[in-house]
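Residue numbers (my numbering): 48 to 407. Just so it is clear, CB atoms sit at the ideal spot from N, CA and C, and this is done for glycine as well. Nothing here was measured: the structure is a model prediction, and the numbers come from that model. Step one of this worksheet: look at the structure below.
Below, the structure written as structure tokens:
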């Protein structure tokens with residue numbers, strides 16, 4: 048048995064209002080006046096003085112607002128990298144992602160591709176990145192994705208939706224300020240929180256489970272139940288705890304893997320552009336055969352918060368469209384092996400996935 052030597056985020060700040068310290072965290076990392084800090088900020092914050100006024104720009108630093116209607120694509124990453132290379136004479140001092148999972152994934156991917164030749168689609172997979180990324184910082188404004196702590200950046204490429212999973216992907220610095228999540232719309236809060244919940248269920252019920260993953264997964268699972276089922280927390284406490292649940296949920300998959308919901312959600316994302324959090328919810332709702340206890344709790348949470356999931360999203364699809372989704376889902380072999388076991392190919396057939404997709 049060969050064990051993986053996983054990297055972790057080496058520096059973390061946690062606390063309400065800690066976003067005010069961004070400048071003092073970044074300034075020692077500045078490499079000179081021609082090496083800017085590039086801030087990728089979710090475009091929902093455009094014109095939001097409360098947040099943007101606290102980003103200090105010096106020299107050639109730049110804020111780039113990122114639309115988050117759809118998840119990051121490989122050609123989008125390649126374009127952002129090219130823009131930086133053409134505009135500046137030196138590599139940036141750092142890349143900072145401020146937003147949800149989409150923006151943090153963009154920051155991770157750009158920081159990798161600035162130091163690795165070729166196109167980002169060539170790095171979709173496991174351990175393909177050869178050169179360390181440039182300094183990159185993650186500042187989540189949504190809680191649940193685990194993107195702030197994971198060693199992957201999920202991209203939709205020409206052929207597949209798959210992450211750049213590598214030791215160089217995790218952030219060098221993360222700033223966790225629960226206050227930044229205060230204006231998240233309710234449905235978004237739920238879907239992203241459920242991304243964390245599903246991480247935990249899939250990790251805790253997987254064949255790759257070990258004590259390392261289990262300790263993080265159990266903690267996140269308990270926090271999710273407290274946040275989404277009990278009425279004991281103030282708004283602030285719930286924000287603080289969901290931010291920590293997201294962190295623990297992300298950590299729970301470091302030494303294990305996710306499972307059926309994530310694999311099938313990638314299929315929905317690739318073909319229909321359905322975002323990851325809501326995609327996970329749509330799929331998970333139908334997975335009682337695989338995760339009976341988790342799905343029962345999920346349905347309780349959904350009812351408690353009056354969440355109506357989209358129905359019939361696959362109703363009008365052609366056979367070749369179903370085939371494409373199934374192909375994308377089945378290509379995520381580590382996820383199926385974690386969910387079902389070594390012999391998963393004898394159990395998970397195209398027909399079985401077709402039946403599940405048709406229910407959605």
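Residue i classed as buried or exposed, judged by whether at least 16 other C-beta atoms fall within 10 angstroms
i	result
residue 348	buried
residue 142	buried
residue 298	buried
residue 312	buried
residue 151	buried
residue 118	buried
residue 276	exposed
residue 199	buried
residue 106	exposed
residue 97	exposed
residue 287	buried
residue 350	exposed
residue 70	exposed
residue 279	exposed
residue 195	buried
residue 359	exposed
Spatially closest choice to residue i from the options, by CA coordinates
i	options	result
residue 172	152, 207 and 165	207
residue 165	357, 368 and 122	122
residue 84	181, 92 and 262	181
residue 49	339, 388, 302 and 329	302
residue 120	211, 343, 311 and 112	211
residue 149	403, 360, 193 and 306	193
residue 307	176, 254 and 319	254
residue 74	139, 116 and 388	139
residue 362	391, 395 and 402	402
residue 229	355, 273, 92 and 375	92
residue 68	129, 102, 177 and 170	102
residue 366	398, 339 and 353	398
residue 201	187, 340, 258 and 216	216
residue 135	109, 155, 116 and 251	109
residue 268	364, 340, 319 and 321	340
C-beta neighbour in chain D for residue i, strict 8 Å
i	result
residue 337	Note that chain D does not occur in the displayed structure, where there is just one protein chain.
Cβ-based neighbour list, residue i, same chain, cut-off 6 Å, excluding 5 preceding and 5 following
i	result
residue 244	271
residue 58	220
residue 78	140
residue 232	none
residue 60	222
residue 290	190, 223 and 225
Expected contact under 8 Å - CB spacing of residue i and residue j to nearest Å
i	j	result
residue 218	residue 184	6 Å
residue 167	residue 125	6 Å
residue 214	residue 54	5 Å
residue 382	residue 309	6 Å
residue 203	residue 62	Not a contact, Cβ separation roughly 34 Å.
residue 144	residue 293	Not really, about 15 Å apart at Cβ, beyond 8 Å.
residue 337	residue 372	With a Cβ gap of about 18 Å, residue 337 and residue 372 do not count as contacting.
residue 325	residue 238	5 Å
Nonlocal neighbours in the same chain, by C-beta distance under 8 Å from residue i, ignoring five residues either side
i	result
residue 113	87, 88, 89, 90, 146, 149, 150 and 153
residue 174	212, 213 and 214
residue 355	none
residue 384	254, 255, 304 and 391
residue 379	209, 309, 310 and 313
7 Å Cβ shell around residue i - same chain, five flanking residues per side excluded
i	result
residue 357	329
residue 82	137, 138, 139 and 140
Legend entry - Whole beta strand (DSSP E) elements within the segment 201-231, 3-residue minimum: Within the segment 201-231, the complete beta strand (DSSP E) runs of at least 3 residues are 201-203, 208-212 and 220-223.
Legend entry - Every unbroken alpha helix (DSSP H) inside the segment 225-284 [4 residues or more]: Listed in chain order, they are 233-251 and 258-276.
Legend entry - Length-filtered (4 minimum) alpha helix (DSSP H) runs lying within the segment 93-143: The qualifying runs are 96-99 and 121-134.
Inset, instruction - Would you list, in sequence order, the uninterrupted alpha helix (DSSP H) runs of no fewer than 4 residues that lie entirely inside the segment 334-384? - result: Here the runs fully enclosed are 339-351 and 366-377.
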